[in-house]
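The block underneath contains the structure these notes are about, expressed in structure tokens.
Chains as they are written, first to last, in this note's numbering: chain A, 208 to 449; chain B, 15 to 244.
In structure tokens:
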């Protein structure tokens, strides 16, 4: 579904991604983790072309992301993305946030879009908040709306860029619960996160990054059970012992 | 202390002054409207990645912002008819008249200022919002129209209105092409009746009341906006 091969990226002279290669199969959940500044957010933004990269190739559902002839908006409309800071549109109600791309990109009728939005809001448990503005919701609620907004496009895969990092601790679980359900329904997911509990329970594979490189790319139980690299061992000892 | 003055002159000339005021307000509103539309287009050109768009827009803005308004009004009044004659080759071609030439001059001049305000507004919308719009499959024009510009304008309303108040004061410059706005009307009455002090005091008072009231309402609007977005 998603194939990343030998991707390198520079900001000026600074190389943020070094020859990264990995893949996500259909129905697979892959967690990308690593210390901050390791390039994991940059990598996931390359997958739907929000960040350009200079070398290598990313193919999503048979379409090359870096190819200048690729219709990026059309490709992105098939890949859902959830951001660290939710990025709901503050000047629109919750429903309008979810309706917008359905109407403008998928050309659904306003009635059809509204029905779909309500169904998705019910799925994330927020149907009572349909007419509120994002500013009136808690962080966890906003992130669940953001997930509903991405799902409204009937995506073939979902990208999560640290979806719980900006949340207060008591709100993390309500968002993770939605993500776990999505995974159980067979959604293809690439998730950048520090939530090691989520990784251990839900992920099929873990990609560990450090300094712009993919250091480990293994099955979840192997990553937590017997990490091969010294850097992964250090990372795990820092993150798990609290 | 006002024993030697005749304030009745104001009362007597009110209908004439009102005509002038209507002209001032009309020109202000039309030039604001045109300036915002043209300014938005210029701002979109200036934030564009393409040099063919952002270089001319930048040049236009810098040229007009470094030119006195009175000169721009003059140019349009005297040069545009000449240019029209040259282009059409018809020596009997009339100009477009002082009102339209002044309206175009104000619109183009204000557009340069509005462009910079709107550009700042566009750049004040966080990058993450644009990324979220793109991630949903929206194209650049769709992201601008539905996500960036509505938020930009919301942030900019107070400063756009403040610029409108400045424009209202600047419309008094139309006297240079023989048009009579409120200031011009007051000035004509003052000179006709020899009542300079009375008329200019009155004119100053009217400008002060209107502009002060307008800027107070802008402040209140601003307070309400920042309260609702918090």
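The beta carbon of each residue, even a glycine, is placed where N, CA and C say it ideally should be.
This one's a predicted model, so the numbers in the text were calculated from it and none came from an experiment.
Smallest Cα separation from residue 375 of chain A: which of A/281, A/211, A/287 and A/292?
Ranked by Cα distance from residue 375 of chain A, the first of A/281, A/211, A/287 and A/292 is A/292.
Quick one, which of A/402, A/429, A/413 and A/420 has its alpha-carbon nearest residue 445 of chain A's?
Taking the Cα of residue 445 of chain A as reference, the smallest distance to any Cα among A/402, A/429, A/413 and A/420 is reached at A/402.
Residues of its chain near residue 181 of chain B, where Cβ-Cβ distance is below 8 angstroms and the 5 sequence neighbours each way are ignored:
Closer than 8 angstroms at the Cβ level, and outside the excluded window around residue 181 of chain B, lie 42, 45, 46, 49, 120 and 124.
Distance between residue 151 of chain B and residue 284 of chain A (C-alpha atoms, nearest Å)
The straight-line gap from Cα to Cα measures roughly 4 angstroms.
Please name the residues in the segment 230-262 of chain A whose beta-carbon is closer than 7 angstroms to at least one beta-carbon of chain B, in chain order.
Taking 7 angstroms as the Cβ-Cβ cut-off, the segment 230-262 of chain A approaches chain B at 255 and 257, given in chain order.
Residue 90 of chain B classed as buried or exposed, judged by whether at least 16 other C-beta atoms fall within 10 angstroms:
Buried, since its Cβ has 16 or more Cβ neighbours within 10 Å.
Using the C-alpha atoms, what's the distance from residue 214 of chain B back to residue 226 of chain B?
So the alpha carbons of these two residues sit roughly 18 angstroms apart.
Given a cut-off of 8 angstroms, decide if residue 65 of chain B and residue 133 of chain B are closer than it, judged by their beta-carbon atoms.
At a Cβ-Cβ threshold of 8 angstroms, residue 133 of chain B and residue 65 of chain B do not count as neighbours.
Taking the DSSP output, what are the residues bridged to residue 249 of chain A?
As computed with DSSP, residue 249 of chain A is found in no beta bridge at all.
Are the segment 252-262 of chain A and the segment 212-222 of chain A touching, with three or more C-beta to C-beta distances below 8 angstroms?
The segment 252-262 of chain A makes contact with the segment 212-222 of chain A, as at least three CB pairs between them are under 8 angstroms.
Around the Cβ of residue 440 of chain A, are there at least 16 other Cβ atoms within 10 angstroms (buried) or fewer (exposed)?
Counting other Cβ atoms within 10 Å of its Cβ, residue 440 of chain A stays below 16 and is therefore classed as exposed.
Within 8 angstroms of any Cβ in chain A, is that where the Cβ of residue 54 of chain B sits?
Not flagged as an interface residue toward chain A: residue 54 of chain B, since no C-beta distance is shorter than 8 angstroms.
Starting from residue 339 of chain A, follow the alpha helix (DSSP H) in both directions and report where the run begins and ends.
Looking at the DSSP string, residue 339 of chain A is not in any alpha helix (DSSP H), and its letter there is neither H nor E.
Residue 177 of chain B and residue 131 of chain B look like a contact to me (Cβ under 8 angstroms); what is the Cβ gap, rounded to whole Å?
Confirmed, about 6 angstroms.
Please identify the residue among B/71, B/201 and B/140 whose C-alpha is closest to the C-alpha of residue 34 of chain B.
By alpha-carbon distance to residue 34 of chain B, the top candidate from B/71, B/201 and B/140 is B/201.
Please classify residue 143 of chain B as buried or exposed, where buried requires at least 16 neighbouring CB atoms within 10 angstroms.
Result: buried.
Within 8 angstroms of any Cβ in chain A, is that where the Cβ of residue 169 of chain B sits?
No, no contact with chain A.
Proximal residues of chain A, C-beta to C-beta of residue 161 of chain B below 7 angstroms:
Against residue 161 of chain B, the close residues of chain A are 296, in the order they occur along the chain (beta-carbon pairs closer than 7 angstroms).
Quick one: which unbroken alpha helix (DSSP H) runs of 4-plus residues sit fully inside the segment 356-401 of chain A? Chain order, please.
Those alpha helix (DSSP H) runs which fall completely within the segment 356-401 of chain A and span 4+ residues are 376-391.
What is the rounded straight-line gap between the Cα of residue 146 of chain B and the Cα of residue 190 of chain B?
Between residue 146 of chain B and residue 190 of chain B, the C-alpha separation is close to 51 angstroms.
Can you pull out the residues from the segment 306-327 of chain A whose beta carbon lies closer than 7 angstroms to at least one beta carbon of chain B?
Going along the segment 306-327 of chain A in chain order, one finds 307, 308, 311 and 312 with a Cβ nearer than 7 angstroms to chain B.
Determine the DSSP secondary structure at residue 39 of chain B, reduced to helix, strand or coil.
Residue state, collapsed to three classes: helix.
Assigned exposure category for residue 362 of chain A - 16 Cβ within 10 Å defines buried
Its Cβ being crowded by 16 or more others within 10 Å, residue 362 of chain A is buried.
Less than 8 angstroms between the C-beta atoms of residue 265 of chain A and residue 397 of chain A, yes or no?
No, these two residues do not count as a Cβ contact at 8 angstroms.
Give me the Cβ distance between residue 272 of chain A and residue 254 of chain A, rounded to the nearest whole Å; I'm assuming they're in contact under 8 angstroms.
Your pair residue 272 of chain A and residue 254 of chain A checks out as a contact, with CB atoms roughly 7 angstroms apart and the cut at 8 angstroms.
My assumption, with CB atoms under 8 angstroms, is that residue 430 of chain A sits in contact with residue 423 of chain A. Please give the rounded CB distance.
Here residue 430 of chain A really is in contact with residue 423 of chain A; their C-beta atoms are around 6 angstroms apart, less than 8 angstroms.
At which residues does the beta strand (DSSP E) containing residue 106 of chain B begin and terminate?
Careful: residue 106 of chain B lies outside any beta strand (DSSP E) and carries neither H nor E.
Kindly indicate if chain A contains any beta-carbon less than 8 angstroms away from that of residue 102 of chain B.
Taking a beta-carbon distance threshold of 8 angstroms, residue 102 of chain B does not count as an interface residue toward chain A.
Relative to the C-alpha of residue 299 of chain A, which residue among A/287, A/313 and A/338 is closest?
Of the candidates A/287, A/313 and A/338, the residue whose Cα lies closest to the Cα of residue 299 of chain A is A/338.
Hey, is the segment 100-117 of chain B in contact with the segment 21-34 of chain B, meaning 3+ C-beta pairs nearer than 8 angstroms?
Below 8 angstroms, too few C-beta pairs join the segment 100-117 of chain B and the segment 21-34 of chain B to call them touching: fewer than three.
Between residue 268 of chain A and chain B, is any beta-carbon pair separated by less than 8 angstroms?
Not closer than 8 angstroms to any Cβ of chain B, the Cβ of residue 268 of chain A fails to qualify, so no.
At what residues does the beta strand (DSSP E) containing residue 218 of chain A begin and finish?
Here the beta strand (DSSP E) through residue 218 of chain A covers 209-218.
By DSSP, does residue 415 of chain A sit in helix, in strand, or in coil?
It is a strand residue.
Where does residue 170 of chain B fall in DSSP's three states?
Three-state result, residue 170 of chain B: helix.
Contact with chain B by residue 415 of chain A, beta-carbon distance below 8 angstroms:
Not closer than 8 angstroms to any Cβ of chain B, the Cβ of residue 415 of chain A fails to qualify, so no.
DSSP three-state label for residue 160 of chain B, please.
It is helical.
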